[in-house]
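Numbering (this note's numbering), first residue to last: 439 to 540. Beta carbons: idealized from backbone N, C-alpha and C, even for Gly. Below is one structure; the comments refer to it alone.
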């Protein structure tokens, strides 16, 4: 089966007065919903993830919202960070920051 909707969810969000479509892997959408205590079969599943994406992308990117497909790449990045084990994320950031330290 090659139906992309089987593996991805589309969300419409707004930035700077424009409507933008964000594509997120279905497994990431489901895990974000689960982090809010929602199972993917609930009717408010999609809207909850959409609101999370809107708030997260606006908060993290502010006015520097990229155009084109890169917005979905940022969405994927932030979704993975949201669902990753916190201790694993801390280890990753410690490792990344060690190269920056004088």
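- For residue 512, the secondary structure class from DSSP, reduced to helix, strand or coil, is helix.
- For residue 450, the pairing in a beta bridge is given by DSSP as 459.
- In terms of Cβ geometry, residue 518 and residue 490 do not form a close pair [threshold 8 Å].
- Straight through space, the alpha carbons of residue 511 and residue 460 are spaced by roughly 9 Å.
- For residue 465, the enclosing alpha helix (DSSP H) covers residues 464-473.
- Counting C-beta pairs closer than 8 Å gives three or more between the region 516-530 and the region 466-481, which meets the contact rule.
- For the pair residue 531 and residue 513, the Cα-to-Cα distance works out to about 19 Å.
- In the assembly as shown, residue 483 is a buried residue. Its beta-carbon has 16 or more other beta-carbons within 10 Å.
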